[in-house]
Amino acid sequence: DAGVTQSPTHLIKTRGQQVTLRCSPISGHKSVSWYQQVLGQGPQFIFQYYEKEERGRGNFPDRFSARQFPNYSSELNVNALLLGDSALYLCASSGPGQTNSPLHFGNGTRLTVT
Amino acid sequence: DQQVKQNSPSLSVQEGRISILNCDYTNSMFDYFLWYKKYPAEGPTFLISISSIKDKNEDGRFTVFLNKSAKHLSLHIVPSQPGDSAVYFCAASSLAGNQFYFGTGTSLTVIP
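Now the structure itself:
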């Protein structure tokens, strides 16, 4: 079975630009979460989506948004990029319920903002 | 405010010996805990979990211990193998919660 897939794997953007990151969950998983990991830190929660609805949001500015599609795939959008947005963005799926199950991560998208 | 802490940034262990990785948390509402292993250029890989109704969970060479009164958990790897060399993260959540809080990781090196 395929794991969580994320695209693209690497991305270089300029300050002020916008970026869209994509994620496909493990088949049967209805919950998708997004995490940001900067060097030397653990992953930080950005969003959780379950059954296409936002179920949680971390301490990130409104420049960050996401959505989940009917096939449970998800996109993370970041507007007006700042240098500090440079990080590894991890998508994770879990299931079958919304809670009480471990997160399964993709390999991430490495975003560099110059 | 770091609610999950891994105070040892690194650990070196001889092959065949036991590796013990530690994790502390501050939020008494946490009742579901996970351990992950991360290799460079890969996402974290789920290893083992434990809920607060247990104080121990085993899966092969991996055992997680939970001490709720001390708000402390540990991961034991026995015997350690060179392929275990990676960064290990602990994570915590409340069972009804929608987010996990991660520690900063411990880099384990298993020396052949």
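Going down the list, the protein sequences come from chains A and B. Under this note's numbering, the letters of the first sequence match residues 1055 to 1168, in that order. Under this note's numbering, the letters of the second sequence match residues 83 to 194, in that order. Think of the CB as a built atom: it goes at the ideal place given N, C-alpha and C, for glycine as much as any other residue.
Query	Result
Which same chain residues, not among the five before or five after B:S189, have their C-beta less than 6 Å away from its C-beta?	S92, V169
If you reduce the DSSP assignment to three classes, tell me which class B:G165 lands in.	helix
Starting from the C-beta of A:T1059, find all residues in its chain whose C-beta is less than 8 Å away, skip the five residues before and the five after it, and write them out in chain order.	C1077, S1078, G1160
So what does B:K87 bridge to, in DSSP terms?	B:D106
With a threshold of 8 Å, are at least 3 pairs of Cβ atoms found where one atom belongs to the region 133 to 146 of chain B and the other to the region 1068 to 1087 of chain A?	no
At the level of alpha carbons, what is the spacing between A:L1093 and A:L1142?	8 Å
Cα separation between A:H1158 and A:S1081?	12 Å
Can a CB atom of chain B be found closer than 8 Å to the CB of A:N1125?	no
When you compare the region 100 to 111 of chain B with the region 120 to 133 of chain B, are there three or more beta-carbon pairs, one atom per stretch, that lie closer than 8 Å?	no
Taking Cβ positions, are A:L1130 and A:A1120 nearer each other than 8 Å?	yes
Please state whether the Cβ-Cβ distance between B:Y118 and B:F171 is less than 8 Å.	yes
Where do the N-terminal and C-terminal ends of the beta strand (DSSP E) with A:Y1089 fall, by residue?	1085 to 1091
On the three-state DSSP scale, how would you describe A:L1136?	coil
Note down the Cα distance separating B:D137 from B:F112, rounded to an integer number of angstroms.	14 Å
Check the Cβ-Cβ distances between B:Y107 and every residue of chain A, and say whether any is below 8 Å.	no
Run through DSSP, which three-state label would B:S176 get?	coil
May I ask you to report which of helix, strand or coil DSSP gives B:G98?	coil
Identify whether A:G1082 lies in helix, strand or coil by the three-state DSSP scheme.	coil
For B:T191, which residues in chain A fall below 8 Å Cβ to Cβ?	Within 8 Å Cβ-Cβ: nothing; B:T191 doesn't reach chain A, min ~17 Å.
Any beta carbon of chain B sitting closer than 8 Å to that of A:N1161?	yes
Per DSSP, what kind of secondary structure is B:R143 in: helix, strand or coil?	coil
Please list, in chain order, the residues of the region 175 to 187 of chain B that have any C-beta partner in chain A closer than 9 Å.	S175, S176, L177, A178, G179, N180, Q181, F182, Y183, F184, G185, T186, G187
The region 131 to 162 of chain B: which residues have C-beta closer than 9 Å to a C-beta of chain A, in chain order?	S131, S133
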